[in-house]
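> Next up is a structure, given as structure tokens.
Protein chains in written order, with our numbering: chain E, 26 to 137; chain X, 878 to 991.
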């Protein structure tokens with residue numbers, strides 16, 4: 026059974042600082058998603074990582090995937106208040122690409 | 878990308894009744910998914926809906942409680958039956974896009990059961 030873990034679950038960081046959110050998963054997969062969710066809103070797709078070593082960047086966010094370690098990271102550079110949200114990683118089962126399992130989410134709060 | 882709409886956006890229902898949620902996509906898609914997000918929690922997959930076949934339910938979800946229809950490639954419904962307060966959640970539909978390389982979510986339906 027595929028399990029997806031994230032840490033930390035809660036993160037409070039100051040504006041201007043850097044930090045990394047980690048996503049670990051328990052079985053092989055080569056497709057991983059990062060989503061953002063604002064309170065009361067649906068999910069916004071941030072990144073899709075499709076192969077080992079994949080790195081994608083958008084603004085202050087950069088995501089990477091290491092399929093051998095079963096680990097993805099979401100790195101935040103010089104955080105700003107607008108990044109405050111909950112971030113989810115989600116992993117597609119290699120044997121069933123139509124099934125995507127979500128991690129518990131990381132609630133990020135960026136404070137001035 | 879796909880544009881997904883859901884109806885209703887929110888509802889308050891009494892215990893023992895049912896609610897049917899509609900999901901409409903602006904393009905034809907093969908796979909549609911229904912998720913539940915309980916308050917303060919992550920997303921849990923309820924079922925996968927393929928057009929022309931029975932939905933595939935995840936462990937802990939049964940057809941009698943969560944019947945799903947998928948009459949065509951742009952539409953699906955999820956019914957939550959015999960409502961109890963524990964069913965109070967956000968229900969989201971999503972679609973697979975570009976052969977599964979992306980997955981997009983609808984705006985969600987917030988259900989409150991009193």
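All residues carry an ideal CB built from backbone N, CA and C; glycine is no exception.
1. Mark residue 913 of chain X as exposed unless 16 or more other C-beta atoms lie within 10 angstroms of its C-beta, in which case mark it buried.
2. Within its chain, find whatever has a CB closer than 8 Å to the CB of residue 908 of chain X; leave out the 5 residues flanking it on each side and keep chain order.
3. Going by the beta-carbon positions, is the gap between residue 44 of chain E and residue 106 of chain E smaller than 9 Å?
4. Give the straight-line distance between the Cα atoms of residue 985 of chain X and residue 957 of chain X, rounded to the nearest whole angstrom.
5. Got a sec? Which residues, its chain only, sit under 8 Å from residue 989 of chain X by beta carbon, not counting five neighbours each side?
6. By the three-class DSSP mapping on this structure, what secondary structure does residue 948 of chain X have?
7. Quick one: using the 10 Å Cβ neighbour count with 16 as the cut-off for buried, is residue 74 of chain E buried or exposed?
8. DSSP on residue 34 of chain E, reduced to helix/strand/coil?
9. As a quick exercise: from X:911, X:918, X:920 and X:987, pick the residue whose alpha carbon is nearest that of residue 900 of chain X.
10. Identify the contact partners of residue 130 of chain E in chain X, using a Cβ-Cβ distance below 7 Å as the criterion.
11. CA-CA distance, residue 952 of chain X and residue 118 of chain E?
12. Does any CB atom of chain A fall closer than 9 Å to the CB of residue 46 of chain E?
To lay it out plainly:
1. buried
2. 925, 926, 927, 972, 973 and 977
3. no
4. 14 Å
5. 887, 888, 889, 890 and 965
6. The answer is strand: DSSP assigns residue 948 of chain X an E or B state.
7. Burial state of residue 74 of chain E is buried, judged by a 10 Å Cβ sphere holding 16 or more other Cβ atoms.
8. coil
9. X:911
10. Contact annotation for residue 130 of chain E against chain X: 919 [CB-CB distance below 7 Å, chain order].
11. Approximately 25 Å between the Cα atoms of the pair.
12. You won't find chain A in this structure, because its protein chains are E and X.
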